[in-house]
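Trainee:
Numbering (this note's numbering), first residue to last: 107 to 678.
1. How many angstroms separate the CA atom of residue 337 from the CA atom of residue 419?
2. What residues match up with residue 530 in a beta bridge as DSSP calls it?
3. CA-CA distance, residue 659 and residue 551?
4. By how many angstroms is the C-alpha of residue 375 removed from the C-alpha of residue 395?
5. For residue 421, tell me which candidate among 352, 558 and 142 has the shortest Cα-Cα distance.
6. Here's the rule: buried if 16 or more other CB atoms are within 10 angstroms of the residue's CB, otherwise exposed. What is residue 657?
7. Terminal residues of the continuous alpha helix (DSSP H) containing residue 319?
8. Considering just the uninterrupted stretch of the alpha helix (DSSP H) at residue 204, what are its terminal residues?
9. Kindly indicate which residue of 584, 562, 585 and 592 has the alpha-carbon position closest to the one of residue 574.
10. Taking contact to mean at least 3 C-beta pairs separated by less than 8 Å, is the stretch 611–626 in contact with the stretch 579–599?
11. Smallest Cα separation from residue 290: which of 182, 617 and 310?
12. Spell out a yes or no on whether the stretch 236–244 and the stretch 264–273 are touching, meaning 3 or more CB-CB pairs, one atom from each, closer than 8 Å.
13. When you compare the CB positions of residue 389 and residue 367, do they come within less than 9 Å of one another, or not?
14. Residue 384 by DSSP, collapsed to three states: which one?
15. Check the C-beta distance from residue 222 over to residue 304 and give it rounded, since I have them as a contact under 8 Å.
16. For a minimum of 4 consecutive residues, which ranges assigned as the alpha helix (DSSP H) are wholly contained in the stretch 237–319?
17. Any contact of the stretch 534–549 with the stretch 630–648, i.e. 3+ C-beta pairs under 8 Å?
18. With a 10 Å radius around its C-beta and 16 neighbouring C-beta atoms as the bar for buried, classify residue 595 as buried or exposed.
19. Where do the ends of the alpha helix (DSSP H) carrying residue 623 lie?
20. Look at the Cβ atom of residue 227, then the Cβ atom of residue 250, and state whether they are nearer than 9 Å.
21. Grouping DSSP H, G and I as helix and E and B as strand, with all else coil, what is residue 435?
22. Reducing DSSP to helix, strand and coil, say where residue 363 ends up.
23. Tell me the rounded alpha-carbon separation between residue 232 and residue 533.
24. DSSP three-state call for residue 649: helix, strand or coil?
25. Let me make sure I understand the geometry here. Which of 412, 432 and 361 has the alpha-carbon closest to that of residue 392?
26. Beta-carbon separation of residue 174 and residue 655 under 9 Å?
27. Please list, in chain order, all residues of the same chain as residue 229 whose beta carbon is under 6 Å from its beta carbon, the five residues on each side excluded.
28. Return the chain-ordered list of same chain residues with a C-beta closer than 8 Å to the C-beta of residue 632, the five sequence neighbours on each side being excluded.
29. Is it buried or exposed for residue 588, if we count other Cβ within 10 angstroms and need 16 for buried?
30. Can you say whether residue 246 is buried or exposed, counting buried as having 16 or more other CB atoms within 10 angstroms of its CB?
31. So what's residue 430 in DSSP terms, helix, strand or just coil?
32. For residue 642, which three-state DSSP category applies?
33. Who does residue 411 pair with in a DSSP beta bridge?
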């Protein structure tokens, strides 16, 4: 039996149609999958880098907190006259400051002032104990001079910060911090004559710190942290952390072999697809970044990583694959009946879709497709179009997550004001500009009077409403070019740019004081509040941010000491 040319051409066109639709579907699936995977790897690495940068920013902020506490005159006084009964009131005040800082920072386990003498005796110590805070009294204070974080910190210069190794806290009587992963941030307390009197130590809850940093990441992300040798410090499976504490080594490079180059310092970052059979999971997409930790001379570092299941990344591509299979089967049946028609009808729109996919793969631009067709080509086009829209939405969500992380790291969540990190960054830039332009600026330290009494009497909700209302009134009293920030608790700061002299700053400070003195109506409570304001001028009262901050703080304490509800300039 002989077959005519029409039959042969029909078979040829049918075979070509089946092959073309199959290859197009496979190319669409594989290229979409590869594009999703590449985008996921880039975004995962970016999220890891942002998380690492936020970690360093947070550690920098903790270091600034330690410097701020070490710069308090009471810290030096207590360290210098620790055996005198006359410092009991100063000790109570410093403990109250420690208590306020612990309330502001839930990621802190403990804050201590330790003497350089008496075998490193603790002078003032406040611990987190569950949901409450506990001041350890004199009879239970311990000698810590034999610990490296004490004697090594006492060798540092003024303003230097020492970060300890990340380890399990085995110090007795540590309350909530006992047997928990911790990082100690310490700085020396130095007298005016340069003598080292003691040190400030802040114990950081490692899990709490990373819980805050990871809060706005997608839930599918898993977090890893190791020391410079690769020992897991944070892992989704808590039993795999701190293995060296139990006489065994559980290393990140054993689970993720390519990370060995990061551990060895040959690479700063890596992103990979790995088979995670050891962890009884499917394939993962993971990114790891090496970050320096503490003194670079000690070559200490941490490796931070994020991972997510590969199936989560390519879920849409898998669904598209099933759509493609169905469409290929339909095309196969149609090709056997109307091969010639299919060759003309299908080729043109399929080429358009392939071009659109290539354009999207290279430039992430959604090109027009024949989505209005009522046949299988239209189903395929709409599937491609929906897939592209979902991928764009997915990438947009990742970008929004990064922006949220950036905002949280630099703004106070209650008032929306710049937090300590952002405010001091702006102050540093303002001092650089003022030094270059030979102009003046003013720094105000503002503290709400009797705020603790308001919290205790009316509750924290009313206290929060008062803080937000005070922040709004302060912003109304300054120019748009000036900066109002919140350091924490009831402490605010104001930075005034380009002032003529001290009198200008005092006028603005008085305006703020009078604005706050006006009655507040907060959730049915009529309140009258007041503030104590300390003012320091650059360059007369300090030529750098630390000196200017210390002097503004001293002026604020003079305002409080002279009766509160007043403005007090710094006096040499």
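For each residue, glycine too, the CB sits at the ideal point set by N, CA and C.
Mentor: So, from the listed chains and residues:
1. 28 Å
2. Bridge partners of residue 530: none, in fact.
3. 6 Å
4. Straight-line Cα distance between these residues: approximately 4 Å.
5. If you compare the alpha carbons of 352, 558 and 142 with that of residue 421, the shortest gap goes to 142.
6. It is buried - the Cβ of residue 657 has at least 16 other Cβ atoms within 10 Å.
7. 312–320
8. 194–210
9. 592
10. yes
11. Here the closest residue by C-alpha is 310.
12. Contact between the stretch 236–244 and the stretch 264–273 is absent, because fewer than three Cβ pairs lie under 8 Å.
13. no
14. In this predicted model, residue 384 has a pLDDT of only 45, less than 50, meaning its place in the structure is not dependable; the value taken from the coordinates is given anyway. Correct three-state label for residue 384: helix.
15. 5 Å
16. 254–257
17. yes
18. buried
19. 608–623
20. Yes, these two residues count as a Cβ contact at 9 Å.
21. helix
22. Residue state, collapsed to three classes: helix.
23. 31 Å
24. coil
25. With distances taken between CA atoms, residue 392 lies nearest to 412 out of 412, 432 and 361.
26. The answer is yes: Cβ separation under 9 Å.
27. 184, 188, 219 and 221
28. Excluding sequence neighbours, residue 632 sits near 625 and 626.
29. buried
30. exposed
31. helix
32. strand
33. Residue 411 is bridged by DSSP to 330 and 394.
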